[in-house]
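Numbering (my numbering), first residue to last: 32 to 530.
Even glycine gets a Cβ: it sits at the ideal position worked out from N, Cα and C.
Just so you know, these numbers come straight off a predicted model, no measurement behind them.
What follows is a short report on a single structure.
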């Protein structure tokens, strides 16, 4: 609801889980801020315990920032969303309204709808006939769709940013077609009274050798315009050796499926489109060295072209592919501080149910939205950072069982609570194991220990249809106002690149 523009959000509940990736270098200067000053002191103590050596607290927090005449922002991933509006404003990205697109469909015009969101979002709702082609995949795969140069390409997302960036990506890469963004995305389509599709699965086409050659030429064209630089394996090795002095983030911008088949061992998965859409989710250290990797190069070049425009001046593409790199496969095991599993009592889902039936309290530590969707029957919702206060204020003396989708959250909560209380356990395998064991789940937030204020509700997160549409209109108005808002003190600027 209120934050400094270039702050990265890490809730106190997830600090141990997120800080190792977001701020990997322990000598990085870190400035903590919050609303009331309580969480910053707790976070500072933890960070110093974990070995971070340059931790400060912003005196007065976000309130003091505003009192100093500096702009305070609301929303999520605001720098990237403001950048999207800047791009449209600066480069006159063409767009069509929902009504115009519907008319094109009704007339059976030569056109194609490409949805620039990840498949998980596409599966929830999409524009009829749309094909999923997330962000960086657009230039990589558009030539495989079978369209002619006369076909109009319409790029959409849920709102505005990824529609604009997706359409402008194709334009920047020199795709010869007419390319337009769908103004206001699926929200605009819904507000215009048109029906969305739900549960669709239309993945993008595979890339042929001939198609890759075309995509590579286009990506190099865009990369040259925006000053994208490549490095070789030798340079990357040298930078690895300098990580104690300079932050290095090696980000794999391919699909998750490709990443899990094989990836550079010290890389993280950051699909190109989402990296541009939500840069603050992947990198928190300003002026870090960011190296993008992609064995086919196209997505790395396109993503780097956007990060350069966003102001990440030290973003590079590994030009030698994966040659000479140590490789791994499967899901990456992310680092986590303070996770001493040997000190935790771990029980099976059925043991947890038996304990629950004899008086133990089960507490679900998932995000409130996830808990609202499903949680073990009879469990209580709580926020980890408020857990001790919740337990004390509710006079809970019975044994405690913690469960969460990410088992690390339960484990960290158990370690927190073990300092004050005996009889604390966690469920092995978390919510997924509970469900796999065939044990009862329920929805809603009927049993709450914490006020469910842990998430920023997007328009689609509301339950009342009237509130959904109200939130959509408010969101779109807010997003359109970002170009002006970032021009105020405490905002930012973006560089304009000539053709």
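- Short of 6 Å from the beta carbon of residue 186, and not among the five residues preceding or following it, lie these beta carbons of its own chain, in chain order: 145, 147, 194, 197, 198 and 212.
- Judged by DSSP secondary structure, residue 349 falls within the beta strand (DSSP E) whose first and last residues are 346-349.
- Spanning the alpha carbons of residue 361 and residue 291 requires a straight line of approximately 4 Å.
- According to the DSSP assignment, residue 376 belongs to the beta strand (DSSP E) that extends over 376-378.
- For residue 196, the enclosing alpha helix (DSSP H) begins and ends at 192-203.
- Residue environment analysis places residue 472 among the exposed positions, since fewer than 16 neighbouring C-beta atoms fall within 10 angstroms of its C-beta.
- Here DSSP, grouped into helix, strand and coil, assigns residue 78 to helix.
- Using a C-beta cut-off of 8 Å, the stretch 408-427 makes contact with the stretch 436-452, since at least three inter-stretch Cβ pairs fall below that distance.
- Taking C-alpha positions only, residue 371 is separated from residue 81 by approximately 13 Å.
- Taking 4 residues as the minimum length, the alpha helix (DSSP H) runs contained wholly in the stretch 319-396 are 329-341 and 380-388, in order along the chain.
- The DSSP assignment places 461-467, 496-511 and 513-516 as complete runs of the alpha helix (DSSP H) inside the stretch 461-520, in order along the chain (cut-off: 4 residues).
- When the beta-carbon positions are compared, residue 143 and residue 184 come within less than 8 Å of each other.
- By alpha-carbon distance to residue 250, the top candidate from 115, 77, 337 and 507 is 337.
- Within a 10 Å sphere around the beta-carbon of residue 69 sit fewer than 16 other beta-carbons, which makes this residue exposed.
- Taking a cut-off of 8 Å on C-beta distances, the stretch 337-353 touches the stretch 318-328, as three or more cross pairs fall below it.
- Taking the C-beta atoms as reference points, residue 459 is found no nearer than 8 Å to residue 375.
- Secondary structure at residue 261: strand, using DSSP grouped into helix, strand and coil.
- Ranked by how close their Cα comes to the Cα of residue 382, the residues 119, 105 and 456 have 456 in first place.
- If only complete runs of 3 or more residues are kept, the stretch 419-446 shows the beta strand (DSSP E) at 431-434, in order along the chain.
- At a Cβ-Cβ threshold of 8 Å, residue 75 and residue 46 do not count as neighbours.
- In terms of CA proximity to residue 298, 284 leads the group 217, 284, 304 and 48.
- The shortest C-alpha to C-alpha distance from residue 449 to any of 439, 431 and 157 is the one to 431.
- For residue 142, the beta-bridge partners assigned by DSSP are 183.
- For residue 283, the uninterrupted beta strand (DSSP E) run begins and ends at 279-283, by DSSP.
- Residue 334 sits buried, since 16 or more C-beta atoms from the chains shown fall within 10 Å of its C-beta.
- With fewer than 16 other beta carbons inside 10 angstroms of its own, residue 229 counts as exposed.
- In the pairwise beta carbon analysis, the stretch 514-521 is classified as touching the stretch 99-108: at least three pairs are separated by under 8 Å.
- Looking at the DSSP output, residue 407 shares a beta bridge with 472.
- Restricting attention to beta strand (DSSP E) runs no shorter than 3 residues, the stretch 90-168 encloses them at 142-146, ordered along the chain.
- Taking all protein chains shown into account, residue 320 has 16 or more neighbouring C-beta atoms within 10 Å of its C-beta and is therefore buried.
- With fewer than three CB-CB distances shorter than 8 Å, the stretch 111-123 does not count as touching the stretch 153-162.
- Between the alpha carbons of residue 483 and residue 493 lies a distance of about 13 Å.
- Judged by pairs of C-beta atoms under 8 Å, the stretch 51-59 touches the stretch 305-318, as three or more such pairs exist.
- Per the DSSP secondary-structure output, residue 293 pairs with nothing in a beta bridge.
- With contact defined as three or more Cβ pairs closer than 8 Å, the stretch 127-134 and the stretch 162-179 are not in contact.
- Per the C-alpha coordinates, the member of 182, 405, 380 and 205 positioned closest to residue 470 is 380.
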